[in-house]
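Down below is the structure, laid out as structure tokens.
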Amino acid sequence: MQNKERWGSRIGVILAVMGSAIGLGNFLRFPGLAAKYEGGAFMIPYFIALLLLGLPIAWLEWSMGRYGGDRGYHSSPGIFRALWKWKGSPYFGFLGLLVPVGIYMYYVFIEALCLYYAYLYLVGGLPEFNALSGGTPFKDLFASATGSGADGSLFTGSHPILFFVLICFALNTGIIYRGLSKGIEIVTRVAIPVLFVCAILVLIRVLSLGTPDPINFPERNVLDGLGYMWNPEPRNKTFMESLLNAEMWMEAAGQVFFSLSVGFGVIITYSSYVRRNEDVVLSGTTSASGNIFAEVALGGLITIPAAFIFLGPAGISDSTFALGFETLPQVFQAMPVGNFFGFLWFFLLFLAAITSSLSMLQPAIAFFEEGLGLERKTSVTFLGLITLIGTGFVAYFSLGNKGLGYMDFWVGTFAIYLLAMLQVVVGGWFFGADKAIDEANRGSYLKLPRWVGFIWKYISPAFLIVIFILWIQQELPKKLEAMGSDVTMQLTVTFLVVLSTFFIILISAALRRWRKQEKEDL
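Position 329 (the sequence shown) corresponds to 328 in numbering that gives the first Met the number 0; numbering is contiguous.
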């Protein structure tokens with residue numbers, strides 16, 4: 000096996016993992032899902048998934064990754080080979096390559112959108128708008144920037160968003176070229192503290208809005224906005240009807256995985272580069288805690304109350320990613336020095352996006368290096384070309400943002416869910432829960448109790464499988480029916496199947512190379 004680099008420090012790897020987790024999922028996806036499922040009703044499955052799935056699986060991934068790293072592997076196919084002594088186990092690692100690479104393809108497009116909006120605030124290029132009197136200039140701006148009016152519209156005429164996409168690709172590539180300690184670690188050590196400062200400043204401003212229009216909309220105030228997020232009473236369904244929605248539970252679990260980088264293939268790769276006696280329990284807990292604070296205490300408390308104040312509950316429930324791009328600009332427009340706070344908001348979104356996107360290619364880079372013997376720069380260039388094609392796919396199929404939405408569901412929820420289930424089974428059963436506990440506790444100040452192994456072996460798999468079966472019963476027929484008439488969904492699924500097949504073929508080549516090396520070492 001090749002000699003791989005290490006992280007420069009413990010705080011470096013914690014901030015890098017935190018950076019991979021703190022992203023657009025915290026500030027856009029989480030508030031959008033909370034709004035979609037009417038606020039407080041969503042928080043119940045969210046916190047259950049966090050406690051029974053997110054944190055325990057994060058600990059498991061840290062211990063699995065370090066174990067694989069000790070044996071010279073830094074990618075999911077290789078680490079699965081070390082953990083699961085079956086000759087076909089590396090093939091299941093294709094999900095650990097597909098998920099981060101697939102997410103990167105649409106994530107970098109949203110990253111570019113954040114940078115574009117920050118630029119507009121900086122130069123004063125946003126439309127004038129009275130947030131309480133109506134109108135849709137920010138919806139129009141968002142539609143124009145994303146090309147949601149028609150497929151291929153971004154490739155006709157002059158669209159600045161494509162220029163910003165190229166800027167983001169160049170930034171990501173340049174930083175990733177430099178490696179872990181000299182590239183990703185240096186950027187996250189600066190970006191994460193700056194991100195928190197920006198978020199806290201925007202949060203203070205949003206929570207000081209009070210009741211902007213007490214005469215016409217006295218009910219639209221900060222306190223009621225907070226209540227919308229935390230009160231577990233849905234508006235259009237009974238409480239039990241809401242809780243029996245399997246898709247809400249699956250999306251809540253998917254959001255926990257998305258926000259903690261669990262099921263991404265990122266933690267298992269990042270932790271494979273830590274030193275042998277690194278405290279992985281403390282590192283995992285610290286990075287997860289910072290992420291949840293960013294998601295719930297910052298992302299949710301900035302976006303949901305602000306959206307409630309200016310749109311009301313009916314307007315919020317129809318929004319998803321657009322909350323951050325359509326609603327918050329209305330808020331900033333209505334406040335003193337709004338351009339300053341608008342710039343802070345979109346700059347922090349850009350920082351959150353780039354610290355996450357930097358991590359998404361590392362699992363595949365590690366695989367290309369150890370499995371195919373490629374140099375880092377060659378791997379980065381190769382992946383850059385592949386992901387540029389995927390981002391072009393998302394940008395082209397822009398009608399109603401379907402290309403982005405379908406990629407987000409099939410990769411950002413469905414495939415993450417499958418990978419999380421797979422990792423729990425591999426770690427809890429094939430590697431062994433007791434062995435995983437011992438591995439996690441080696442060098443750890445905080446020791447995991449033995450009952451965590453019971454969660455890994457029984458509770459987490461059962462929870463995931465039950466929700467998955469219910470989702471298949473309730474939602475899969477709808478997805479298949481939609482796929483029958485929706486060409487964009489058909490093409491999205493086909494694209495992902497082709498990409499998966501490509502990774503499986505490469506894993507087969509890597510296996511032959513690993514076996515040849517092992518014979519030569521005998």
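Each residue gets a CB set at the ideal place from its N, CA and C atoms; glycine is no exception.
Item: CA-to-CA distance, Val425 to Asp407, given in whole angstroms; Value: 25 Å
Item: Spatial distance of Leu54 from Val379 (CA atoms); Value: 31 Å
Item: Rounded separation between Gly452 and Met63 - CA only; Value: 13 Å
Item: Same chain, Cβ closer than 6 Å to Gly18, five either side skipped, listed in chain order; Value: Thr187, Ile191, Thr354
Item: Top-ranked residue by Cα proximity to Gly22, from Lys515, Leu490, Ala432, Gly299; Value: Gly299
Item: Beta-carbon contacts of Glu110 that lie in its chain and below 7 Å, excluding the five residues immediately before and after; Value: Cys167, Phe349, Ala352, Ile353, Ser356
Item: CA-to-CA distance, Phe93 to Met104, given in whole angstroms; Value: 16 Å
Item: From Phe366, Val465, Glu474, residue whose alpha carbon lies closest to that of Ala508; Value: Phe366
Item: Span separating the alpha-carbon of Gln489 from that of Met247; Value: 24 Å
Item: Nearest candidate by alpha-carbon position, reference Leu360, set Phe501, Asn25, Arg375; Value: Arg375
Item: Collapsed DSSP secondary structure at Arg514 in the structure displayed; Value: helix
Item: Coarse secondary structure for Ile364, derived from DSSP in three states; Value: helix
Item: Ile203 - containing alpha helix (DSSP H), residue span; Value: 184-206
Item: Validate contact between the segment 106-121 and the segment 162-179 using beta carbons, cut 8 Å, 3 pairs; Value: yes
Item: Cα-Cα separation, Arg514 to Glu438; Value: 26 Å
Item: 6 Å CB neighbourhood of Gly289 in its chain, flanking five on each side removed; Value: Met17
Item: Those runs of the alpha helix (DSSP H) which lie wholly inside the segment 257-340 and span at least 4 residues; Value: 266-269, 279-291, 300-316, 327-333
Item: Collapsed DSSP secondary structure at Asp150 in the structure displayed; Value: coil
Item: Contact set for Thr526: own chain, Cβ-Cβ below 7 Å, skip 5 residues either direction; Value: Outside the modelled stretch of the chain, which goes from 0 to 521, sits residue 526, for which no answer is possible.
Item: For Ile21, three-class secondary structure by DSSP; Value: coil
Item: Whole beta strand (DSSP E) elements within the segment 52-107, 3-residue minimum; Value: none
Item: Proximity test, Cβ basis, 8 Å: Ser286 and chain C; Value: Any reference to chain C falls outside this structure, which holds one protein chain only.
Item: Candidates Ser499, Trp455, Leu398: closest to Asp485 by CA position; Value: Leu398
Item: Buried/exposed call for Leu194, threshold 16 Cβ in 10 Å; Value: buried
Item: For Ile388 and Gly71, the rounded distance between their alpha carbons; Value: 31 Å
Item: Ser507 - DSSP class collapsed to helix/strand/coil; Value: helix
Item: Separation of Ile301 from Cys197, as counted between CA atoms; Value: 12 Å
Item: Between the CA atoms of Gly341 and Leu131 - distance to the nearest angstrom; Value: Reliability fails at Leu131, whose pLDDT of 48 lies under 50, so the model's placement of it is uncertain and the value that follows must be treated cautiously. Taking the straight line joining both Cα atoms gives about 18 Å.
Item: Three or more C-beta pairs below 8 Å linking the segment 244-259 and the segment 409-420; Value: yes
Item: Local Cβ density within 10 Å of Trp83, reported as buried at 16 or more and exposed below that; Value: buried
Item: Residue span of the alpha helix (DSSP H) that contains Ala142, given as start and end; Value: 136-145
Item: Local conformation of Tyr118 per DSSP, three classes; Value: helix
Item: Closest by C-alpha distance to Leu322, when choosing among Lys35, Val497, Met482, Ala363; Value: Lys35
Item: Minimum C-alpha distance to Phe429 - residue among Gly31, Trp229, Phe41, Ala81; Value: Ala81
Item: Buried/exposed call for Gln332, threshold 16 Cβ in 10 Å; Value: buried
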